[in-house]
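First residue of the sequence shown: 1, per UniProt numbering; consecutive thereafter. Glycine is no exception: its CB is placed at the ideal position from the N, C-alpha and C atoms. The structure displayed is predicted, hence computed values, not measured ones. Each remark here refers to the structure printed beneath this line.
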Amino acid sequence: MRVRAAVHRDIDVARIDNRLYSAFIEHMGRAIYSGIYEPGHPEADAHGFRRDVAAMVRDLQIPAIRYPGGNFVSAYRWEDGIGPKEDRPVRLDLAWRSKETNQVGINEFAVWAQDVDIEMMLAVNLGSRGLEEARDFVEYVNHPSGTYWSDLRRSHGVENPYDVKMWCLGNEMDGPWQIGHKEAKEYGRLADETAKALKALTPDAELIVCGSSNDEMPTYPDWEREVLEECYENVHYISLHKYFGNSSNDTLNFFGKVEETGRYIQSIAGVIDFVKAKKRAKNDVHICFDEWNVWYHIREEDSRRWHSWDWPEAPDLLEENYNFEDALFVASLLNEFIRRSDRVKIACIAQLVNVIAPIRAERGGPAWRQTIYWPYQMASLYGRGKALRVAVDGPTYDCHVADDVNYLDASAVHDDAGGALTLFLVNRHLSEPADLRFELTGFAGATIEFHKTMAGHDLRATNGPGREDIAMAQGSGLGVEDGVLGGSLPPLSYHVVRLR
Ligand code: AHR
Numbered sequence: 001m002r003v004r005a006a007v008h009r010d011i012d013v014a015r016i017d018n019r020l021y022s023a024f025i026e027h028m029g030r031a032i033y034s035g036i037y038e039p040g041h042p043e044a045d046a047h048g049f050r051r052d053v054a055a056m057v058r059d060l061q062i063p064a065i066r067y068p069g070g071n072f073v074s075a076y077r078w079e080d081g082i083g084p085k086e087d088r089p090v091r092l093d094l095a096w097r098s099k100e101t102n103q104v105g106i107n108e109f110a111v112w113a114q115d116v117d118i119e120m121m122l123a124v125n126l127g128s129r130g131l132e133e134a135r136d137f138v139e140y141v142n143h144p145s146g147t148y149w150s151d152l153r154r155s156h157g158v159e160n161p162y163d164v165k166m167w168c169l170g171n172e173m174d175g176p177w178q179i180g181h182k183e184a185k186e187y188g189r190l191a192d193e194t195a196k197a198l199k200a201l202t203p204d205a206e207l208i209v210c211g212s213s214n215d216e217m218p219t220y221p222d223w224e225r226e227v228l229e230e231c232y233e234n235v236h237y238i239s240l241h242k243y244f245g246n247s248s249n250d251t252l253n254f255f256g257k258v259e260e261t262g263r264y265i266q267s268i269a270g271v272i273d274f275v276k277a278k279k280r281a282k283n284d285v286h287i288c289f290d291e292w293n294v295w296y297h298i299r300e301e302d303s304r305r306w307h308s309w310d311w312p313e314a315p316d317l318l319e320e321n322y323n324f325e326d327a328l329f330v331a332s333l334l335n336e337f338i339r340r341s342d343r344v345k346i347a348c349i350a351q352l353v354n355v356i357a358p359i360r361a362e363r364g365g366p367a368w369r370q371t372i373y374w375p376y377q378m379a380s381l382y383g384r385g386k387a388l389r390v391a392v393d394g395p396t397y398d399c400h401v402a403d404d405v406n407y408l409d410a411s412a413v414h415d416d417a418g419g420a421l422t423l424f425l426v427n428r429h430l431s432e433p434a435d436l437r438f439e440l441t442g443f444a445g446a447t448i449e450f451h452k453t454m455a456g457h458d459l460r461a462t463n464g465p466g467r468e469d470i471a472m473a474q475g476s477g478l479g480v481e482d483g484v485l486g487g488s489l490p491p492l493s494y495h496v497v498r499l500r
């Protein structure tokens, strides 16, 4: 198939907020325990954190990480995780029917986050608890000294406050499964009052209010409208969550879910604009897509297990094995976030280690990178700067979730400080190569600095411990002539082309 595409150096969508490439990690399954933290493991450091996992995390250059939940946070007592480890209570985690030992709490997590150079984005419990505990938590974390909570932190060996800016006001409060689930108005009021208290403690806090758990919730998108009507002026972001799957074994429809996500983003942007107009507000509210990933391979099986198991500690849970098809999907979804970086400022892959994650770590054994690690890493490393508007003129297809889906999926990022232009391309055609002609206006003299690709794998192929065959490889077959990038992209392939 022939595909024409074009970018212009001066025609951009927005400056990308680096936090578009953030992550999420929850106290569930083996994400924390035997994921990032495993005292006694040969790779454990003095704090019990795994060096092998930390190295893989560092290579992703993640700007921010959302913690500690997720559904977990809605029945969590943050105070259980502070003070001498031997005095910490073991509790029942109501969200995942597991035992929580509290051996990792805010101070341990902060040590890890600092070590891997990631900013913390913390969630408060607005399910089983409320404003009062949220306020205590923020005071413990952010107040310098001279008060009960700040001096308690200092007595725990943390002299300086963490100065955490990003605070999530609960998690998925629209979901009937959530401990302390609320109606929209009820939650909106609580979020507003909590936001006011948090801003009193940390005036430059960035507050994230819960949107719908996904765009199939019966209350979507009224939920967003009702919640924002209560708290618009006091919050900075509204969260979106969406998980994806290909249970019907229809690859093109799976890929079409990226366009469906574009509609979701556009709809919420419309709701934000509506409420802003209705309130005659001056401030903007942006989108924080703080949970996204593929989650379907073992979802049902897991659900059958954990609903009836006997409160295990750090059980195997949501340990999806990602294949090549998932990597192509993730590459396209990240392209969509880049294309919508005018409205989506923060996005978090959910999650980071073991639980629906790009990194896996065997208990007592090796760590390894899943297929989806690579597109996530490519976007994080090379997708910083200005998102340019990309025009694509090529064959399209219709599927169950969307019509007119371009086989060629593309985004472009101009690192205007460093001078590089990076193109992220996915040929989603099942059998035909894309004969590409990509016009690069304003980039006279640019040549290819590198071309990395993922191609030629069976869609169902996966990586495993000591077996990371599905990874970025050196690309070939593309060249630039007279400001036009041309060449052939094989069917079902992903490309990162950096020009300078
Ligand atoms: O990431 C797994 C779970 O998915 C989170 O705990 C919850 O917020 C979402 O439903």
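Exposed is the label assigned to residue 148, since fewer than 16 other Cβ atoms lie within 10 Å of its Cβ. The segment 420-428 makes no contact with the segment 291-307, as fewer than three CB pairs between them are under 8 Å. Judged by their CB atoms, residue 301 and residue 7 are not nearer to each other than the 9 Å cut-off. With a contact defined as Cβ atoms closer than 8 Å, residue 31 and residue 321 miss out at about 16 Å. In this structure, the C-beta of residue 207 stays at least 8 Å away from each heavy atom of the ligand AHR. Assignment of residue 24 by DSSP, reduced to helix, strand and coil, places it in the strand class.
In terms of Cβ geometry, residue 66 and residue 210 do not form a close pair [threshold 9 Å].
Here the alpha carbons of residue 282 and residue 451 stand approximately 44 Å from one another. Sequence-distant Cβ neighbours of residue 446 in its own chain, meaning closer than 7 Å and more than five residues away, are 421, 440, 480, 499 and 500. In summary, residue 375 is buried, with 16 or more beta-carbon neighbours lying within 10 Å of its beta-carbon over all protein chains present. The shortest C-alpha to C-alpha distance from residue 231 to any of 394, 284, 84 and 391 is the one to 284. Nearest neighbour of residue 141 by Cα position, chosen from 158, 128 and 390, turns out to be 158. Comparing alpha carbon positions, the residue from 475, 69, 323 and 182 closest to residue 460 is 323. The ligand AHR never approaches residue 359 closely enough for any of its heavy atoms to be under 8 Å from the residue's Cβ. The residue among 410, 346 and 370 with its C-alpha nearest the C-alpha of residue 466 is 370. Residue pairing for residue 270: DSSP places it in no beta bridge. The bridge partners DSSP lists for residue 119 are 64. Note that the C-beta distance between residue 23 and residue 118 is below 9 Å.
Under DSSP, residue 77 takes part in no beta bridge, so it has no partner. With a cutoff of 9 Å on beta-carbon distance, residue 213 and residue 224 are scored as not near each other. Bounds of the alpha helix (DSSP H) holding residue 153 are 148-155. Per the C-alpha coordinates, the member of 442, 399 and 349 positioned closest to residue 63 is 349.
Residue 264 and residue 338 have their C-alpha atoms spaced approximately 15 Å apart. Per DSSP, residue 219 lies in no alpha helix (DSSP H) and is assigned neither H nor E.
Using a cutoff of 8 Å, the CB of residue 125 does not count as near the ligand AHR, since none of the ligand's heavy atoms is closer than that.
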